[in-house]
Amino acid sequence: MDPQSQFVKGAIWARGLPPDELEKAARGISERVFAKGAQICRRGERLDYWTGIVEGLVKIGAVSRDGKAMTFAGAASGSWFGEGSMLKDEPRQYDAVAIRASRIALMSRATFMWLYDHSQEFNRFLVRHLNERVGQFIATIENDRILGPRARVARHLSWFFNPVLYPQVAAELAISQEELGLLAGVSRTLANRALQELAAEGIIAFERSAIRVLDHGRLRAYDDT
DNA sequence: TCATTAAATTGTT
DNA sequence: AACAATTTAATGA
Numbered sequence: 000m001d002p003q004s005q006f007v008k009g010a011i012w013a014r015g016l017p018p019d020e021l022e023k024a025a026r027g028i029s030e031r032v033f034a035k036g037a038q039i040c041r042r043g044e045r046l047d048y049w050t051g052i053v054e055g056l057v058k059i060g061a062v063s064r065d066g067k068a069m070t071f072a073g074a075a076s077g078s079w080f081g082e083g084s085m086l087k088d089e090p091r092q093y094d095a096v097a098i099r100a101s102r103i104a105l106m107s108r109a110t111f112m113w114l115y116d117h118s119q120e121f122n123r124f125l126v127r128h129l130n131e132r133v134g135q136f137i138a139t140i141e142n143d144r145i146l147g148p149r150a151r152v153a154r155h156l157s158w159f160f161n162p163v164l165y166p167q168v169a170a171e172l173a174i175s176q177e178e179l180g181l182l183a184g185v186s187r188t189l190a191n192r193a194l195q196e197l198a199a200e201g202i203i204a205f206e207r208s209a210i211r212v213l214d215h216g217r218l219r220a221y222d223d224t
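Take 0 as the starting number for the first sequence in numbering that gives the first Met the number 0 and just add one per residue.
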């Protein structure tokens, strides 16, 4: 089996799909490589693909007219996004930027719609996926408006351990402090301080380019005010 | 396999 | 934003 169908077979939405549907899905997926800093899609632009991260790290967010950046979510290896634009057939409502060099899987609109029309399992996944995202977006509003930088870093970290949105993230997350800072909307300096404090409290442990979560409950609820 | 160099990451100011 | 210290990756003997 070639590497591509290997990836498709292991995708989170592929679990429970019958082999014929899986094969149809695999045929509708292509792959592209994005360099660090490259834009995968821009707000207002059309991108007629459902997007999955084979390998890498992507920041999903928007920039207001006065230049304020707001992160909606991060996307790590194994994450998929863009189903909203597929279902509604409209331009993207956000920017997606590769924070590090990333391999991106693109599922054509036709394939996505075929699965949507034919596969009960795929629909089940979509509902679950959207449900998790709504919960995360609600939390994001609080996150960016109320919480301080340390708590923001903590929440962004804890999201990576949501098994529906980030299926491949295990006990240890491979991310640098700079990348985490980009996602949480804080400077690398503050990200560094936040991690040190979280580690001092025994919530996480970190080493070079990797973070282990020791206490998911406290990380998720972390509040520094 | 080891040594040297370059690049990336981190802690601090 | 800039600096020094440290780790990892890459290169070639």
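We put the beta carbon where it would ideally sit given N, CA and C, even for glycine.
Remember, predicted model here, so these are calculated numbers, not experimental data.
inquiry  = Please identify the residue among Glu196, Phe160 and Glu22 whose C-alpha is closest to the C-alpha of Gly72.
reply    = First, the residue type needs correcting, since residue 72 is Ala and not Gly in the sequence shown. Nearest C-alpha to Ala72: Phe160.
ask   = Beta-carbon separation of Arg217 and Ile202 under 7 Å?
value = yes
message = Give me the residue from Phe6, Ile11 and Ser4 with the minimum Cα distance to Thr124.
response = Strictly speaking, residue 124 in this sequence is Phe, with Thr absent from that position. Check the Cα spacing between Phe124 and each of Phe6, Ile11 and Ser4: the tightest is with Ile11.
ask   = At what residues does the alpha helix (DSSP H) containing Leu156 begin and finish?
value = Pro148 to Trp158
task = Identify which residue in Lys23, Arg149, Ala170 and His215 has its Cα closest to the Cα of Ala209.
result = Selected option, being the one with the closest Cα: Ala170.
task = Enumerate, from N- to C-terminal direction, the unbroken alpha helix (DSSP H) stretches of 4 or more residues contained entirely within the stretch 92-140.
result = 108-117
Sequence-distant residues of the same chain with beta carbon closer than 7 Å to Ser186, five excluded per side = Gly180
message = Using the Cβ count rule (16 or more neighbours within 10 Å means buried), how would you classify Asn142?
response = buried
request  = State the Cα-Cα distance for the pair Phe6 and Val53, rounded to the nearest angstrom.
outcome  = Phe6 and Val53 have their C-alpha atoms roughly 7 Å apart.
message = Looking at the secondary structure, which residues open and close the alpha helix (DSSP H) in which Ser84 lies?
response = Glu82 to Lys87
inquiry  = Tell me the rounded alpha-carbon separation between Gly60 and Ala68.
reply    = 7 Å
ask   = Alpha carbon to alpha carbon, how far is Val168 from Gln195?
value = So the alpha carbons of these two residues sit roughly 22 Å apart.
ask   = Taking DSSP as the reference, what is the three-state secondary structure of Gly9?
value = helix
ask   = Roughly how many angstroms separate the alpha carbons of Arg154 and Arg108, rounded to a whole number?
value = 32 Å
inquiry  = Measuring CB atoms only, is the stretch 21-31 touching the stretch 84-97, in the sense that at least three cross pairs come out at less than 8 Å?
reply    = no
message = Could you give the first and the last residue of the continuous beta strand (DSSP E) run that contains Lys58?
response = Leu56 to Val62
task = Along the alpha helix (DSSP H) that carries Gln195, what are the first and last residues, could you check?
result = Looking at the DSSP string, the run of the alpha helix (DSSP H) that includes Gln195 is Arg187 to Ala199.
key: Sufficient close CB pairs (3 or more, under 8 Å) joining the stretch 120-140 to the stretch 93-102   = no
ask   = Can you list, in chain order, the residues of its chain whose CB lies under 6 Å from that of Ala190, leaving out five sequence neighbours each side?
value = Only Val152, Gln176, Leu179 and Gly180 meet the Cβ criterion.
key: For Gln167, the first and last residue of its enclosing alpha helix (DSSP H)   = Here Gln167 belongs to no alpha helix (DSSP H), and DSSP marks it neither H nor E.
query = Per DSSP, what kind of secondary structure is Arg211 in: helix, strand or coil?
reply = Looking at Arg211 - three-state DSSP - the assignment turns out to be strand.
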